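Protein chains in written order, with the numbering used here: chain A, 3 to 128; chain B, 3 to 128. Below: one structure, written as structure tokens.
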DNA sequence: TTTGTTAATGCAACTAAGTTGTATTAAATT
DNA sequence: AATTTAATACAACTTAGTTGCATTAACAAA
Ligand SMILES: [Mn+2]
Ligand SMILES: [Mn+2]
Ligand SMILES: [Zn+2]
Ligand SMILES: [Zn+2]
């Protein structure tokens with residue numbers, strides 16, 4: 003189930019994403035709110051916001067969980083799937099508005115794909 | 003550093019991959035050899051075989067580690083990078099011999115990409 | 001504005017994947 | 001057979017994430 007009550011924890015997490023409008027790792031969120039929100043609560047708030055289609059999650063390198071704002075999702079429509087770009091220098095992750103073409107695979111039924119592109123980000127290229 | 007001594011543990015792990023010629027998760031390997039090889043040793047053997055270019059590793063769903071045999075890699079040449087296909091029914095992972103085209107990303111330097119395609123495998127399609 | 005309901009929280013304890021340190025063992029060399 | 005040291009087993013640890021439960025605070029209704 004999604005968010006029902008606009009609690010302090012929910013507002014703090016939402017504001018973090020509103021302020022940056024980019025992907026943030028759960029580890030980062032747990033750490034930056036360590037004196038304001040309990041670790042378990044951070045996980046549960048993120049979980050509910052994902053249910054609501056407000057945030058979407060994915061795995062960065064080493065399999066750690068990241069969240070980023072959704073564009074046009076809702077409780078009943080989760081269509082914000084796209085590749086992500088992780089910088090090998092600074093570690094930051096961006097959502098990419100590009101389409102990766104997955105080739106036809108004989109005798110297989112493709113449902114989706116998780117794509118994590120790695121390289122140097124815009125800031126670290128200069 | 004890679005494998006220097008052909009130990010029992012190394013042979014057991016190598017035979018597992020020779021017998022199946024497909025990706026095996028570390029969790030699976032640790033479990034199936036639980037009475038023959040210590041967990042730590044499994045991790046270290048896999049690590050060394052990867053150094054040698056005998057195996058390559060990647061992350062499946064939920065970020066757990068998988069290993070699969072390399073085709074043409076060696077200690078000094080690790081070029082076996084390709085997408086993987088994980089079945090949402092049976093969980094098995096295959097290495098794919100297809101090329102995924104990563105589009106040009108302005109102001110970014112692409113170094114590589116981790117692609118995990120999900121869907122129904124050949125066996126589970128029937 | 002008080003009161004009642006229960007979603008949400010905090011806390012502690014737990015799980016699971018993976019890592020580290022170290023004494024011991026067993027490959028490979030002499 | 002003796003020597004060397006890579007590799008192993010074991011225990012203890014780390015880290016990300018989860019679970020159970022008593023307590024708290026949204027928020028609606030009185
Ligand atoms: Mn995204
Ligand atoms: Mn592979
Ligand atoms: Zn960067
Ligand atoms: Zn399958």
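Note that the Cβ used here is the ideal one computed from N, Cα and C, for glycine as well. Computed from a predicted structure; not experimentally measured.
Asked	Found
Does the CB of residue 113 of chain A have a neighbour CB from chain B at under 7 Å?	yes
Which residues end up in the neighbourhood of ligand 1 when you take C-beta atoms closer than 5 Å to any of its heavy atoms?	A:70, A:97
At the level of alpha carbons, what is the spacing between residue 106 of chain B and residue 81 of chain A?	24 Å
Who are the Cβ neighbours of residue 119 of chain A in its own chain at under 8 Å, not counting the five residues just before and after it?	85, 86, 87, 88, 98
Could you give the C-beta distance for residue 38 of chain A and residue 32 of chain A, rounded to a whole number, given that I count them as a contact under 8 Å?	The pair is not a contact, with the Cβ atoms about 11 Å apart (cut-off 8 Å).
What is the DSSP secondary structure of residue 21 of chain A, reduced to helix, strand or coil?	helix
Could you tell me which residues DSSP puts in a beta bridge with residue 71 of chain B?	B:57
At a CB-CB cut-off below 7 Å, which residues of chain B make contact with residue 122 of chain A?	110, 111
Pick from B:57, B:52, B:117, B:8: whose alpha carbon is nearest that of residue 63 of chain B?	B:117
Using a Cβ-Cβ cut-off of less than 9 Å, give me the residues of the region 64-81 of chain B that come near chain A, in sequence order.	64, 65, 66, 67
Could you tell me how far apart the beta carbons of residue 71 of chain A and residue 17 of chain A are, in whole angstroms, since I believe they sit closer than 8 Å?	Contact doesn't hold; Cβ gap of about 12 Å is too wide.
Contact criterion: CB-CB distance below 7 Å. Does residue 39 of chain B meet it with respect to chain A?	no
With a threshold of 7 Å between beta-carbons, can residue 119 of chain A be considered close to chain B, or not?	yes
Anything in chain A within Cβ reach of residue 100 of chain B, meaning under 7 Å, just list it in chain order.	105
Ends of the beta strand (DSSP E) at residue 164 of chain A?	No statement about residue 164 of chain A is possible, as the shown extent of chain A runs from 3 to 128 and does not include it.
Answer yes or no: the CB of residue 94 of chain A versus the heavy atoms of ligand 3, is any distance below 6 Å?	yes
Just reading off the beta strand (DSSP E) that residue 119 of chain A is part of, what are its end residues?	111-122
Going by beta carbon distance, what residues of the same chain come within less than 6 Å of residue 115 of chain A, once the five residues before and after it are set aside?	104
Does the beta carbon of residue 31 of chain B sit closer than 7 Å to a beta carbon anywhere in chain A?	no
Mapping the DSSP letters down to three states, classify residue 92 of chain A as helix, strand or coil.	coil
Can you tell me which of A:44, A:29, A:52, A:27 puts its alpha carbon nearest to the alpha carbon of residue 4 of chain A?	A:52
Would you mind reading off the limits of the alpha helix (DSSP H) that contains residue 31 of chain B?	28-34
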